[in-house]
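Here is the structure we will look at, set down as structure tokens.
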Amino acid sequence: MVAVALIITAAALRIWPLHALESRIAWLTFYPAVTIAALYGGIFAGLTGAVLACLIIFFLWPVLSPTPFIKDYADWLGMAVFFLNCTMISGVAEAMRRAKTRAKKAQEEAEAANKAKSNFLASMSHELRTPLNAILGFSSLMRNDSSIPEEQRKTLDIINRSGEHLLNLINDVLDMAKVESGRMSIDIAPIDLGEMVRDITDLMSMRAEEKNLKLLLDQSSNFPRFVRTDGIKLRQMLINLVGNAVKYTEKGSIILRLSSRPAEAIDSQLLIIEVEDTGIGISAEDQSRIFSPFVQVDTHGLQKGTGLGLAITKQYVEFMGGRISLVSAQGRGSIFRVELPVIKAEEGDEITDTAKKNRKVLGLAPGQPEFRILVVEDEVVNWILLQRLIENAGLKVRLAKNGAEGIGVFEAWRPHFIWMDIRMDIMDGLEATRRIRKLDGGSEVKIVALTASVFKEERDNILAAGADDFIRKPYRPEEIYECMERHLKVKFLYEDALPDSGNKTAADLSYESLAALPPELKIELSDAVVSLEAARINEVIGRISELNPELGKTLLYYADRLSYTKILQTLHK
Ligand code: ADP
């Protein structure tokens, strides 16, 4: 229809206002008409237009005009060329149309796949983080139980540390997914940068020590102690960069250099962070690749990770308005440099107190009113864990296994505080929160959501539903206590931080002391370490301790930290 309309318009234009052309340049107005028809409707519309134009010129024109278009052989030839050209134009237009449709379909498919990936990751994150919550929670809880023998407490330490490691890996994959699906967000809050740096260097120097590397901190006096920034992201960047430096260095040292200078914007400062190592270095060709996800270059057999650390670091730095650069040469170490704008901390900024970390709660402080706590949670392990944590602190708990039951218990028992799981069958936590808020007395009760989701949308939904706060699974027991203290104004009695089991600094594991062991004990140690069975390893180390207590202690230190490679390397030097 469009083609027919266009051709008739083209013919009409020849009658007026182009009548002065008479029979000259016959096809002048028909070419654009056919082209537009082909672009609009594809090859079929284009060819229909061309045929119609030929019919008009051949049959209709002699009737309308005293000067017909087709007079001789050359005009016939002109018509044939017109038809051929129109066929080609229509063909090209059809190819373009098809390519466009294909691209659109591919884009829609990619968008659908991306959405499916995000949904998959969101539910995967839930599935993975929920059992981890139980592993981390129960192992911490048992670790604080003074009736547990020292040996078993060490095993619990290993479970806990391995769980934390697993959680870090899961978080890496999820972070990358968040970046890729454009769901990353920034949480600016005042942080104690000094404490963060100390924490990270403590953690990393243990790893460095195991490889006989030196980790040095070169902090200029202008490096600020308190700033406002996204502390979680900054911490992860530092851990990624220093962690890589330790991973990809075999001998020498790692220097973490920290300084700052005023930034362009008022009230902000530019942090300058450099991580320098004397490791394997990165060739010029690989330097541009390593910031892409999943890229790992030849690392001479050194320990590898997921290939996500640098990609995440770069995305974080850029998202926060900073930049990252690298100076390196193969075999001559690397310097990663991050320039990151942060906001200066204001006086009175409340810095989250992390000093309570790992402190055991003994019970309620004297003179506290009686608090009733409701736990709405459908997973058995998780409700047992929460129940124990709360009861250990001397508070009264009741359970509800879904949102609807939660509302019932709320009305009958009038709790002061509700721990609300979000994903539950029958009625989820969001709906239950909304309904409780509308009930009599529902606006006073404190509701804190428990979620395994890592996406910001979920957090916004939780707060919009009326929750006062939320805690992410897996949580540390201290987070649970700290949250109740904040919202309920309840006070707990804490025992001073428990000493870390085992000694913190290790003597060097010397080949000589291991070589002096009876040969069969050496073989047993080697076999046990290869088997990765903690109980078997500890049993052999126990027997070594009887012969050489000092060596036993050193071996325990490394075994506790899962540094099995170090033991094997020294044993078979
Ligand atoms: P991975 O989990 O493999 O460490 P990253 O994204 O953190 O992933 O790093 C990507 C790759 O970049 C690494 O596999 C390694 O080849 C290289 N790389 C990163 N940091 C260093 C470094 N300090 N020295 C040498 N190579 C490095």
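Residue 75 is where the sequence shown starts when you use the numbering used here, and the numbers rise one by one after that. Heads up, the beta-carbon is just placed ideally off N, CA and C, and yes, glycines get one too.
Should residue i be labelled buried (16 or more other beta-carbon atoms within 10 Å of its own) or exposed?
i: F368; result: exposed
i: D249; result: buried
i: I89; result: exposed
i: A385; result: buried
i: Y555; result: buried
i: F491; result: buried
i: A85; result: buried
i: Y585; result: exposed
i: D351; result: buried
i: A111; result: buried
i: Y147; result: exposed
i: A602; result: buried
i: T175; result: exposed
i: Q226; result: exposed
i: S366; result: exposed
i: Q643; result: exposed
i: Q389; result: buried
i: Q293; result: exposed
If you reduce the DSSP assignment to three classes, tell me which class residue i lands in.
i: F212; result: helix
i: Y322; result: coil
i: D246; result: helix
i: G256; result: coil
i: G626; result: helix
i: K565; result: coil
i: E607; result: coil
i: F297; result: coil
i: G268; result: helix
i: I346; result: strand
i: F410; result: strand
i: R471; result: The sequence shown places Val at residue 471, not Arg. Strand, per DSSP.
i: I500; result: coil
i: S197; result: helix
i: V369; result: coil
i: K418; result: strand
i: I163; result: helix
i: L95; result: helix
i: P142; result: coil
i: D582; result: coil
In whole angstroms, give me the CA-to-CA distance for residue i and residue j.
i: A339; j: T275; result: 30 Å
i: G515; j: P489; result: 10 Å
i: L567; j: G437; result: 5 Å
i: R610; j: A467; result: 36 Å
i: D543; j: R411; result: 36 Å
i: L312; j: S399; result: 14 Å
i: D360; j: L291; result: 28 Å
i: D266; j: I641; result: 37 Å
i: S605; j: Y638; result: 10 Å
i: E624; j: L504; result: 56 Å
i: K418; j: R302; result: 6 Å
i: S197; j: S527; result: 8 Å
i: I81; j: V108; result: 7 Å
i: F239; j: S587; result: Per the sequence shown, residue 239 should be read as His rather than Phe. Cα to Cα, the separation comes out at about 31 Å.
i: D495; j: S199; result: 15 Å
i: I597; j: R550; result: 40 Å
i: D634; j: G407; result: 30 Å
i: S357; j: D372; result: 10 Å
i: P592; j: K325; result: 31 Å
i: S402; j: R203; result: 38 Å
i: T141; j: S97; result: 6 Å
i: R235; j: L277; result: 12 Å
i: L414; j: L630; result: 41 Å
i: R217; j: Q181; result: 52 Å
i: V247; j: L382; result: 7 Å
i: S334; j: A478; result: 54 Å
i: G116; j: A184; result: 26 Å
i: C160; j: Y105; result: 7 Å
In the DSSP assignment, what residue or residues form a beta bridge with residue i?
i: Q226; result: DSSP, once it has assigned bridges, lists no residue as partnering Q226.
i: T525; result: R546
i: F491; result: I447, K520
i: D292; result: R331
i: G437; result: L567
i: K191; result: For K191, which the question treats as bridged, DSSP gives no partner whatsoever.
i: T303; result: A263
i: V125; result: DSSP lists no partner for V125.
i: D452; result: Answer is none; D452 lacks a bridge partner.
i: I398; result: V412
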